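Residue numbers (mature numbering (1 follows the signal peptide of the UniProt record, and there is no 0)): -21 to -1, 1 to 445.
For each residue, glycine too, the CB sits at the ideal point set by N, CA and C.
Fair warning: this is a prediction, and the values are worked out from it, not measured in the lab.
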């Protein structure tokens, strides 16, 4: 019998520990670097199409020095669209030059003709280093007929900037090749501008704030759904979150900093320079705060309480293309917010000339990148609480008819339900398993205790008869 007691205690400890354990947001040490995808394959891009390594659909890693232009070969069929993205991830604290340090991507055919306008993204955080990303695409229904044939194409990635300037250290780069299946029948047309509202609704309010812990990049982004979420972020850090947004939905999101106390002085309260600035009526354009993107140099204004570029928000689509590149709002110790309201997700948006609308071309996981400038340490030396208000507006609509399953460009009902609880589908499945194991473990314990009680009664009865 003594063996049963530690066994029961062990079962109880395992069950309660497994069910209740949750990672605490750690803010010790320096901001973490971008985590590349598990299983990402290292490659070395070539300086010309000759000798370019081949990228099959998947994820790869490389690095870029200032001025580098690298070529990667991709074999594309004539039945699907291809999306090739690059993420440049200088370590937090690296020196970067606003506007001039940038990343350019494009796809070219075997003759050197450009198959798409590609993308170009630059830093805009007054010297803050954070992950930047963009993509190039070969659309099967694109305007360039020379790019519709099956064959070898080249993904070209260039780091723009003067190699002799400060901060010329190599950047780690993550490359991703995604494939979007073709459609059956005629592709949906571009939605008319009068079919949806460009006026941003009021950010989501009410309800209990739910805890989350953002990741370092696209690969470990924290799943979040509709609701009000809270996290903590270090000065100099960027945290990523992923939100399932389905066909027909518009993403309404707000990132907020509360009141902060200035080192050596009192913090303010009430409406600050970035608080609720702008109504967010420009679809795809970040609103909130003054002077965003127009100031350069250190973020701290001499002799002022102001951190000119304190809180940043960027939004990316499932192919890592920017819906809105990261923009920053100022902060002076009073509450500040930065907001974004997107166009509704529609296949036909890809034909729209406006980049923020064109990026909302498929359903799937959309990514929020929230950055806190290193100079915000004058208010938040030990990290800042940040609030995210996330609202995918509208009911999910039927999507286009793909010829085959488009996993990267769809939202499963269980994925949406799991994100509302701050979990991935896999985590939700494990949570459900733990719950079942917990119940069965409790039942097993009850049976053992009952058996122990019966054994004791029988033993006493026999002892009494003896």
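If you measure between the beta carbons of residue 294 and residue 345, is that distance less than 8 angstroms? yes
Practice problem: Measure from the alpha carbon of residue 349 to the alpha carbon of each residue in 356, 86, 214, then state which is nearest. | Solution: 214
- With distances taken between CB atoms, is the gap from residue 119 to residue 401 smaller than 8 angstroms? no
Requested in this report: Would you kindly check if the distance between the Cβ of residue 57 and the Cβ of residue 168 is under 8 angstroms?
Outcome: no
Q.
Is the beta carbon of residue 228 closer than 8 angstroms to that of residue 323?
A. yes
*Is residue 173 helix, strand or coil by DSSP?*
helix
- Item | residue 92 - partner residues in DSSP beta bridges | In DSSP, residue 92 forms no bridge with anything.
Count the other CB atoms within 10 Å of the CB of residue 173; is the residue buried (16 or more) or exposed (fewer)?
exposed
Below 7 angstroms CB to CB, which residues in the same chain sit around residue 368 once its five sequence neighbours on both sides are set aside? 182, 183, 207, 232, 233
- Task: Tell me whether residue 296 is buried or exposed, calling it buried when 16 or more other Cβ atoms sit within 10 Å of its Cβ.
- Result: buried
Exercise for review: Could you have a look at residue 382 and say whether DSSP puts it in helix, strand or coil?
Suggested key: coil
Per DSSP, which residues does residue 229 bridge with? Please list them. 372
Exercise for the section: Could you name the residues that DSSP lists as bridge partners for residue 83? Expected result: 99, 137
Are there 16 or more other CB atoms within 10 angstroms of the CB of residue 321, so buried, or fewer, so exposed?
-> buried
Starting from the Cα of residue 30, find the closest Cα among 50, 17, 70 and give me that residue.
-> 50
Between residue 387 and the rest of its own chain, which residues show a CB-CB distance below 7 angstroms, the 5 nearest in sequence each way excluded? 157, 297, 343
Requested in this report: Counting only the same chain and skipping the five closest in sequence on each side, list residues whose C-beta sits under 6 angstroms from that of residue 149.
Outcome: 42, 44
I need the straight-line Cα distance from residue 364 to residue 317, nearest angstrom please.
15 angstroms
If you follow the beta strand (DSSP E) that residue 153 is part of, which residue opens it and which one closes it? 150 to 160
### Message
Using a Cβ-Cβ cutoff of less than 6 angstroms, which residues in the same chain neighbour residue 225 once the five nearest sequence positions on both sides are dropped?
### Response
342, 375, 390
>> Quick check: does the Cβ of residue 175 come within less than 7 angstroms of any heavy atom belonging to the ligand NAP?
In response: As for the ligand NAP, it is missing from this structure, which has no ligand bound.
Do residue 68 and residue 151 have their C-beta atoms closer together than 8 angstroms?
yes
**Q.** residue 211 versus residue 12 - alpha carbon distance
**A.** 16 angstroms
Check your understanding: Less than 8 angstroms separating the beta-carbons of residue 95 and residue 116?
Key -> yes
query: When you compare only the Cα positions, how much space is there between residue 139 and residue 408?
result: 44 angstroms
Practice prompt. If I'm right that residue 301 touches residue 113 with Cβ under 8 angstroms, what's the distance once you round it to whole angstroms?
Written response: 6 angstroms
With a 10 Å radius around its C-beta and 16 neighbouring C-beta atoms as the bar for buried, classify residue 305 as buried or exposed.
-> buried
Which residue's Cα is closest to the Cα of residue 339: 330, 325, 356? 325
In this structure, what does DSSP give as the bridge partners for residue 43? 150
**Message:** Does residue 58 come out as helix, strand or coil in the three-state DSSP assignment?
**Reply:** coil
Helix, strand or coil, according to DSSP, for residue 394 in the structure here? helix
>> Whole angstroms are fine: how far does the CA of residue 88 sit from the CA of residue 126?
In response: 6 angstroms
DSSP three-state label for residue 49, please. strand
task = In angstroms with no decimal places, state the Cα-to-Cα distance between residue 220 and residue 17.
result = 18 angstroms
| field | Classification of residue 453 by the beta-carbon crowding that lies within 10 angstroms, buried from 16 upward | value | Nothing can be reported for residue 453, as the shown portion of the chain is limited to -21 through 445.
Contacting residues, own chain, Cβ-Cβ under 8 angstroms from residue 209 (five flanking each side not counted): 188, 189, 190, 191, 364, 365, 366, 367
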